[in-house]
Each structure stands twice: as C-alpha cells, then as structure tokens.
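Written out below as structure tokens is the structure these notes cover.
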Amino acid sequence: MPLINYASRIINLKIVYYGPGLCGKTTNLQYIYDKTNKERKGSLVSLATEADRTLFFDFLPIEVAKINGFETKLHLYTVPGQVFYNASRKLILKEVDGIVFVSDVQEPRYDANLESMDNLVDNLAEYGYNIKDIPTVIQYNKMDLPNIIDLKELNAELNPYHFPVFKASAASGDGVFETLKGIAKLVVKKLQGR
Ligand SMILES: Nc1nc2c(ncn2[C@@H]2O[C@H](COP(=O)(O)OP(=O)(O)OP(=O)(O)O)[C@@H](O)[C@H]2O)c(=O)[nH]1
Ligand SMILES: [Mg+2]
Numbered sequence: 000m001p002l003i004n005y006a007s008r009i010i011n012l013k014i015v016y017y018g019p020g021l022c023g024k025t026t027n028l029q030y031i032y033d034k035t036n037k038e039r040k041g042s043l044v045s046l047a048t049e050a051d052r053t054l055f056f057d058f059l060p061i062e063v064a065k066i067n068g069f070e071t072k073l074h075l076y077t078v079p080g081q082v083f084y085n086a087s088r089k090l091i092l093k094e095v096d097g098i099v100f101v102s103d104v105q106e107p108r109y110d111a112n113l114e115s116m117d118n119l120v121d122n123l124a125e126y127g128y129n130i131k132d133i134p135t136v137i138q139y140n141k142m143d144l145p146n147i148i149d150l151k152e153l154n155a156e157l158n159p160y161h162f163p164v165f166k167a168s169a170a171s172g173d174g175v176f177e178t179l180k181g182i183a184k185l186v187v188k189k190l191q192g193r
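Per numbering that gives the first Met the number 0, the very first residue in the sequence shown carries number 0; after that it's consecutive.
The following block contains the structure:
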C-alpha cells in the first residue's frame with residue numbers, strides 16, 4: 000500500500016526484489032546505487048554475511064519524477080534468497096507496492112526459480128495478497144553466462160499471469176534500469192487507478 004504524505008506531498012512506494020539465492024538481487028541494487036545521482040539517492044543499507052549473502056535485506060531509497068506535484072520515492076528492498084531465511088522474506092513483503100522477481104537463467108537453477116516463485120506466492124497469501132493483483136515484473140538475469148535455460152519453457156511455468164519480462168545482466172548493468180522503469184511504470188499506473 001503506498002504511503003502518501005499529503006502535508007509534505009511525498010509518495011513512498013515499496014518495491015521488493017525477490018528470487019532464489021544468488022540470482023543477483025543485491026547486484027541490481029548496487030548497480031542502481033552506483034549509477035544514481037547523489038541528490039536522488041539515500042544510503043544503500045546492506046545487511047550481509049561475511050560471504051556477502053544477504054542476511055536480512057538491502058535497502059535503497061531513490062527519488063524519481065514527480066507525480067501530480069508529489070515527490071515520489073521508491074524504496075527498493077531485496078530479500079535474502081537462502082531457503083532458511085523465510086521469516087525475513089515474509090516480513091519484507093509487508094505493504095509491498097511492486098515486485099521484481101529476479102530469475103537466475105543458469106540451467107541448474109531451473110527448479111530454484113520455480114520454488115522461489117511458489118514461496119513468494121505463499122508468503123503473499125499469508126498477508127491476504129494475490130500476486131496477480133500486485134504490480135510485478137520478471138527479470139531474467141545472468142544472460143551473459145553460457146548454458147542458459149530455454150526461456151520460453153521457463154516463462155511458461157514461472158509467469159502464468161504474463162507479467163512484463165526483462166532480460167538482464169546485472170553484473171554489468173544491462174537491463175537493470177529497464178527493469179526498474181518497468182516496475183515503476185506498473186506501480187504508478189496502479190496508483191493512478193489505471
Ligand atoms: N555472470 C553474472 N554474474 C552475476 C550477475 N548478477 C549477479 N551475479 C553474481 O552472482 C553472485 C550473487 O549475486 P547477489 O546479487 O549477491 O545475489 P543475491 O540474489 O542478492 O543473493 P542472496 O542475497 O544470497 O539471496 C555475485 O557473485 C554476483 O556478482 C550477472 O548478470 N551475470
Ligand atoms: Mg542479496
């Protein structure tokens with residue numbers, strides 16, 4: 000649910016990057032942080048283990064263009080992908096406005112993508128949300144690697160609601176801002192009741 004402050008004319012929107020372990024969620028946020036003007040961004044807060052796995056979440060606030068005279072802030076979060084951190088994943092989904100599902104296109108990660116999507120659907124259901132009603136995009140990440148999944152086949156299983164799809168290589172930044180713009184567009188459209 001968007002948090003709208005009428006007094007200060009600010010709209011706060013929460014966007015969560017979700018997906019299996021090591022799919023590249025944190026890498027997306029790091030790239031966005033690196034390429035965003037400092038006037039438009041806050042600090043990138045990363046709570047990580049020594050091995051750089053996300054422990055609780057990453058958080059990055061950025062400002063985007065005004066909507067109807069309201070300053071608009073996107074609050075970008077990632078969840079920890081490791082299976083045993085489900086309590087954190089669920090907590091981070093609370094009051095979510097938009098989801099970027101980051102899929103890892105490496106062949107051996109086929110099932111991990113589907114399991115993570117099932118987990119997302121289950122966690123949303125615990126808040127009474129249905130994924131089909133939440134603005135969502137899917138990012139097929141690590142497109143630079145060899146041995147990638149047949150995306151037609153994966154998309155047929157992973158994306159029954161035909162959410163917009165973006166190909167990316169977050170490590171080099173390809174597709175990262177296209178994905179962010181894609182989700183921002185959907186979230187704003189919903190906000191404007193369109
Ligand atoms: N080749 C390649 N490597 C990538 C890409 N995106 C991320 N990686 C690498 O994949 C590894 C994991 O990336 P992270 O961004 O930490 O993954 P994560 O999804 O945040 O992982 P968890 O926090 O454990 O869930 C890192 O070594 C990244 O450099 C990509 O597009 N191509
Ligand atoms: Mg991470």
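Note that the Cβ used here is the ideal one computed from N, Cα and C, for glycine as well. All values derive from a computational prediction rather than experimental measurement.
Whole-angstrom distance between residue j and residue i, CA atom to CA atom
| i | j | result |
| --- | --- | --- |
| F58 | D33 | 14 Å |
| L73 | N67 | 16 Å |
| M116 | Y5 | 35 Å |
| L179 | F55 | 22 Å |
| G127 | L2 | 19 Å |
| K40 | I31 | 9 Å |
| E49 | Y139 | 27 Å |
| A47 | T77 | 11 Å |
| R8 | I137 | 31 Å |
| G147 | K24 | Checking the sequence, you will find Ile at residue 147 rather than Gly. Those two C-alpha atoms are separated by around 18 Å. |
| I98 | T53 | 18 Å |
| E125 | N11 | 23 Å |
| N154 | G172 | 22 Å |
| F69 | P60 | 16 Å |
| A169 | T26 | 6 Å |
| I130 | V120 | 6 Å |
| K37 | E156 | 40 Å |
| D143 | D51 | 21 Å |
| T194 | L185 | Only positions 0 to 193 of the chain appear in the structure, and residue 194 is not among them; the question remains open. |
| L90 | N112 | 20 Å |
| K65 | D96 | 17 Å |
| D149 | E106 | 8 Å |
| P79 | D110 | 18 Å |
C-beta contact flag for residue i and residue j at 8 Å
| i | j | result |
| --- | --- | --- |
| K141 | V104 | yes |
| A183 | G174 | no |
| L28 | L43 | yes |
| N118 | L92 | no |
| E152 | F165 | no |
| Y160 | F100 | no |
| L75 | I14 | yes |
| R108 | P19 | yes |
| V82 | T71 | no |
| G181 | P163 | yes |
Cross-strand partners of residue i (DSSP beta bridge)
| i | result |
| --- | --- |
| Q105 | I147 |
| V136 | V99 |
| I9 | N4, E70 |
| V15 | Y76, I98 |
query: Can you list the alpha helix (DSSP H) stretches of 4 or more residues lying completely in the segment 145 to 189, in chain order?
result: If we require 4 residues or more, the alpha helix (DSSP H) runs fully inside the segment 145 to 189 come out as 150 to 157.
message: As an exercise, report each continuous alpha helix (DSSP H) stretch of at least 4 residues that is fully enclosed by the segment 25 to 94, in chain order.
response: Counting whole runs of 4 or more residues, the segment 25 to 94 contains the alpha helix (DSSP H) stretches 85 to 91.
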